[in-house]
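K.L.:
Spelled out as structure tokens, the structure:
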């Protein structure tokens, strides 16, 4: 009887731990943006974003600004 009770407690503990580990939401890796550096786009051209801003459309972020 004691062995069965311990087995049930162990099974319940493992089930709860599995739910806690598997239930955590995915998160993006942190990214650091360094000031006073030149940013380049995918083709290597310098990004001009004087007076710029960032908008989110769906799951994409767009960085825009005036080209000086």
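Numbering (mature numbering (1 follows the signal peptide of the UniProt record, and there is no 0)), first residue to last: -28 to -1, 1 to 40.
C-beta atoms are modelled at their ideal positions from N, C-alpha and C, and glycine is treated no differently.
Residue 21 and residue 36 - do their beta-carbons sit closer together than 8 angstroms?
P.N.:
Yes, these two residues count as a Cβ contact at 8 angstroms.
K.L.:
Is DSSP giving residue -13 helix, strand or coil here?
P.N.:
The answer is helix: DSSP assigns residue -13 an H, G or I state.
K.L.:
Give a yes or no on whether the C-beta atoms belonging to residue 25 and residue 38 are separated by under 8 angstroms.
P.N.:
No, Cβ-Cβ distance for residue 25 and residue 38 is not below 8 angstroms.
K.L.:
Going by DSSP, what residue range makes up the beta strand (DSSP E) through residue 30?
P.N.:
It is not in any beta strand (DSSP E) - residue 30 carries neither H nor E in the DSSP assignment.
K.L.:
If you reduce the DSSP assignment to three classes, tell me which class residue 18 lands in.
P.N.:
Note: residue 18 maps to strand in three-state DSSP.
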